[in-house]
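Visitor:
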Amino acid sequence: MHFQLDIAEEDDFPALITAEWHAFENPLQRIFRLYSPIVNNDRAQSIADSTARQLTDNKTQDDDRKTQSYWIKVTDPETHAIVGGAQWIFITEHSSEHEDDVSSLAARHPAGGARVFATQAFQILADVGTVNRRKLSRDRSYVYAYASLGSCFTIPEYRYRGVGGLLMRWGLKRVDECGMDAWIEAAPSAVPFYERHGFVQKEVLQLDPRRPEELSGEEAEEWDAAAREVLPVGVCIMHRPARNGCTNSE
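Numbers 1 to 250, taken from UniProt numbering, label the letters of the sequence shown in order.
1. Considering only C-alpha positions, which residue in the set V83, N40, Q29 is nearest to R161?
2. My parser needs the alpha helix (DSSP H) runs of 4 or more residues fully inside the segment 4-41; what are they?
3. Thinking just about the alpha-carbon of each residue, which of V200, G150, E214, P110 is nearest to the one in D42?
4. Using only CA atoms, which one of R174, D176, P192, F199 lies nearest to I184?
5. Could you tell me which uninterrupted alpha helix (DSSP H) segments, each at least 4 residues in length, are contained entirely in the UniProt domain "N-acetyltransferase" (72-218), listed from first to last along the chain?
6. Say whether the segment 71-86 touches the segment 162-176, bearing in mind that this needs 3 or more beta-carbon pairs closer than 8 Å, one atom from each stretch.
7. Taking the alpha carbon of A15 as the reference point, which residue from I47, A147, H239, A226 has its own alpha carbon closest?
8. Starting from the C-beta of N58, find all residues in its chain whose C-beta is less than 7 Å away, skip the five residues before and the five after it, and write them out in chain order.
9. Going by C-alpha distance, which of I237, R228, T51, L105 is nearest A8?
10. Would you tell me roughly how many angstroms separate the C-alpha atoms of K173 and R30, rounded to the nearest one?
11. What residue does the beta strand (DSSP E) around R240 start on, and which one ends it?
12. Under 8 Å by Cβ, that's how I've got F117 and A226 pegged, so tell me the actual separation to the nearest angstrom.
13. With distances taken between CB atoms, is the gap from S103 to T119 smaller than 8 Å?
14. Give me the Cα-Cα distance between E221 and L231, rounded to the nearest whole angstrom.
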């Protein structure tokens, strides 16, 4: 079967984000709950909120010349259903908006202990990513110039049929045209897939935030509940060097 790949349009997002949730919940990837929590035990509303947020974020990034975000979709030509998707992000230089990433991501969680937990977890990931990029750079500006994969998924019914490869080839072609290095945070189970596309492991991280002692009793319970949803979870920081003779790294 020849699948169809296109850049997602605005009216694709409800089906695209619903498919993303279906993919990452079967089986459940715990790291997904950090990025896409179920709030107030209302999954349907949480998906709707996630859809609205991604649409808003996508428009904001597209208006910022320093960051370009592309959501792409793969559809079944017979049913026209979305069976896979990915978000490719290209950062050309440092922007003050990037400094707000941790707080904006954490704001997906309810205020209180859950948001404290999310802030700690996202800060750990941000710090590790920056350290690894800096290790490969003599030029500080390079730390902020790279491509990233925000999401990449195939729904269970279409796995092992080449959908993921289509999504990767589309993005990596543009990565190479830009002469950029690419960095991703991968679940351990996805490492072999990314290695086949030229990524190498730079660090294996076990997220291990510590609950702050100054939290109130209610906040501590919220922190613990959020931690149970996400932990334990391992994250592999992976890197693909720039290609086509255009490199930013040593």
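Note that CB positions come from ideal geometry on N, CA and C, so glycine has one too.
Guide: Result, derived from the coordinates:
1. V83
2. Within the segment 4-41, the complete alpha helix (DSSP H) segments of 4 residues or longer fall at 13-24, 30-35, listed in chain order.
3. Residue P110 is the option with its Cα nearest to D42.
4. F199
5. 101-106, 113-135, 163-178, 191-195
6. yes
7. I47
8. S69, W71
9. T51
10. 30 Å
11. 234-240
12. 4 Å
13. yes
14. 15 Å
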